Amino acid sequence: MPYAVKIPIVRKQSWGDYHLFRFQAPEMAAAARPGQFVMIRPGESTAPLLRRPISIHGRDRGALEIFFQVAGEGTALLARRKAGDTFDVLGPLGRGFDLDAPLDGKTACLLGGGRGIAPLYFLALELADRGALVKVLYGGRTADDLPVRDRFEEAGLELACSTDDGSFGFPGLVTGLLETEIPVRRPDFLFVCGPDPMMKAAAGLASRFRIPAQISLESVMGCGFGACWGCVRRIKRAGAEAWRKICEDGPVFPAEDIVWEGWK
Ligand SMILES: Cc1cc2nc3c(=O)[nH]c(=O)nc-3n(C[C@H](O)[C@H](O)[C@H](O)COP(=O)(O)OP(=O)(O)OC[C@H]3O[C@@H](n4cnc5c(N)ncnc54)[C@H](O)[C@@H]3O)c2cc1C
Ligand code: FES
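Below, the structure written as structure tokens:
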């Protein structure tokens, strides 16, 4: 059951257009699962009217964290909030990553592109807790687009980075880095979040190498809990294509169920 709370931001960290907020929300934190998200009212007034979906980035003793990149009006307004400011959060929402398979001793590769790294920190810690061998591949356009890379290393997680401009780590796309990784240590599971072209390419690799993959999709959202049908995309269900709500049926789907045709 989602909780709606007005709570203060207890910590804020910023790196240019990227921001991390931490807030104390014990009930929400207890209910949260990796891959779920919250809907946040960006400012104090009613404009913009709609809340914005942001993934749960971290959970720590009754606190939750979000990590976001400024993309437009709402996230720019949110980025102006300071530690001590109160903000309005609804969550946790959606179906997160399916972690029902036995994970102990299995290798899990997490592939995050840009702000798509957001849900993967919470997931990486949960997978490691359950005994999986976790490797995180984190890609950005430049070194400045990898602001939370230290967090993974400080948590003792194995991390490799890529940048499109070659300024840090593997030079090229993060899916290129994945292609170099697979022959060395073929993962048992792949978890992906990032821009659509990256997720589509990752789904192609997962299919080629027969690696079960879960992909966290994005969509513009009106309500975040299944009421407005504003977030639908074509997804297969029992083999047949259907319009499915990203907020309620997802945002995480098995890679093979996602219909990529017609997408950017
Ligand atoms: C389930 C989910 C989880 C998300 N988690 C995160 C997160 O952890 N961190 C983060 O930085 N962002 C995340 N996003 C994306 C974030 O919600 C959008 O960047 C934000 O809503 C944009 O709002 P805005 O008012 O700043 O921009 P707007 O002014 O509304 O839009 C700016 C531009 O971004 C496009 N856009 C708006 N919303 C989306 C969207 N959802 N997907 C793709 N393009 C969009 C618009 O078409 C427009 O071109 C998530 C989205 C979803 C659906
Ligand atoms: S955002 Fe309203 S139904 Fe999904």
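Residues 20 to 283 (our numbering) make up the sequence shown, in order. Glycine is no exception: its CB is placed at the ideal position from the N, C-alpha and C atoms. Predicted model, so just to flag it, every value in this text is computed and none were measured.
- Residues ALA127 and PRO231 of the same chain have their beta carbon placed closer than 6 Å to that of PHE208, with the five preceding and five following residues left out of the count.
- Annotation for ALA48: ARG78, GLY81, ALA82 and LEU83 place their beta carbon closer than 7 Å to its own, counting only its chain and skipping 5 residues before and after.
- Rounded to the nearest whole angstrom, the CA to CA distance from ARG149 to ASP123 is 6 Å.
- Judged by beta-carbon spacing, LEU109 lies beyond the 8 Å limit of VAL155, meaning their Cβ atoms are not closer than that value.
- Of all C-beta pairs linking the segment 176-195 to the segment 99-106, fewer than three are shorter than 8 Å, placing the two stretches out of contact.
- Assignment of ASP184 by DSSP, reduced to helix, strand and coil, places it in the coil class.
- Taking the Cβ of VAL271 as the reference point, every heavy atom of ligand 1 lies at 7 Å or farther away.
- Within 10 angstroms of the beta-carbon of THR194 lie 16 or more other beta-carbons, which makes it buried.
- Counting only unbroken stretches of 4 or more residues, the alpha helix (DSSP H) elements lying wholly within the segment 65-126 are 92-98, in sequence order.
- With a cutoff of 8 Å on beta-carbon distance, ARG170 and GLY269 are scored as not near each other.
- The nearest non-hydrogen atom of ligand 2 is less than 7 Å from the C-beta of LYS264.
- Here DSSP, grouped into helix, strand and coil, assigns VAL239 to coil.
- Counting C-beta atoms within 10 angstroms of its own C-beta, ARG204 has fewer than 16 neighbours from the protein chains shown and is therefore classed as exposed.
- As for any beta strand (DSSP E) of minimum length 3 sitting wholly inside the segment 164-225, the runs are 177-182 and 208-212, ordered along the chain.
- DSSP lists PRO72 and LEU109 as the bridge partner or partners of MET58.
- Within the chosen limit of 7 Å, ligand 2 reaches the beta carbon of GLY241 through at least one heavy atom.
- For the options GLY132, LEU68 and GLU260, the alpha carbon positioned closest to that of PRO214 is the one of GLY132.
- Cβ-Cβ separation between VAL278 and ILE254: approximately 6 Å, consistent with a contact (criterion under 8 Å).
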